[in-house]
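Here the structure comes first, spelled out in structure tokens, and everything after it is commentary.
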Amino acid sequence: MRKLLIAILIIPILSYGEKTPSQCDNVREFARIIMQARQLGAPLAEIYSDDVPEIARVIVLSAWQNRVYKTRTGKSMAISTFSDAWEVECIKRIGL
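Each residue of the sequence shown is one higher than the one before, starting from 493 at the first, in our numbering.
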């Protein structure tokens with residue numbers, strides 16, 4: 493699983509140097525993937541890494557501050573809510 497997440501993190505999705513709407517789409521997708529891993533029970537130690545951009549670490553840590561839901565509906569809502577919130581945060585940060 494760690495190799496998969498490292499591959500995801502290598503994709504330049506979290507470079508706040510860009511100021512385009514697609515940048516926030518990418519942040520949303522990254523947040524979705526991270527919360528999905530959280531809801532599937534992935535251990536933080538397998539996902540968190542100091543070798544990635546700070547924003548990636550912030551998103552990962554914020555995912556682990558959320559609970560893991562037992563039902564499929566709960567997991568789906570947690571993933572959707574989390575990714576939506578990070579897309580909004582991105583839009584606010586880069587001023588789109």
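Positions of the beta carbon are idealized from the N, C-alpha and C atoms, including for glycine.
query                                                                       : result
Tyr-508, DSSP secondary structure in three states                           : Note that Tyr-508 scores a pLDDT of 48, beneath 50, so its modelled location is shaky; the value from the coordinates is reported in the next line. Note: Tyr-508 maps to coil in three-state DSSP.
Three-state class that DSSP yields for Lys-495 in the structure shown       : Reliability of the predicted coordinates at Lys-495 is poor, the pLDDT of 48 falling under 50, and the value obtained from them is presented with this limitation in mind. Three-state result, Lys-495: helix.
With 16 other Cβ atoms within 10 Å as the buried cut-off, status of Met-527 : buried
Test item: CB-CB of Ile-539 and Ala-523 under 8 Å                           : no
Boundaries (first-last residue) of the alpha helix (DSSP H) holding Leu-532 : No alpha helix (DSSP H) contains Leu-532, which DSSP labels as neither H nor E.
Neighbour-count burial assignment, Ser-575, 16 or more Cβ in a 10 Å radius  : buried
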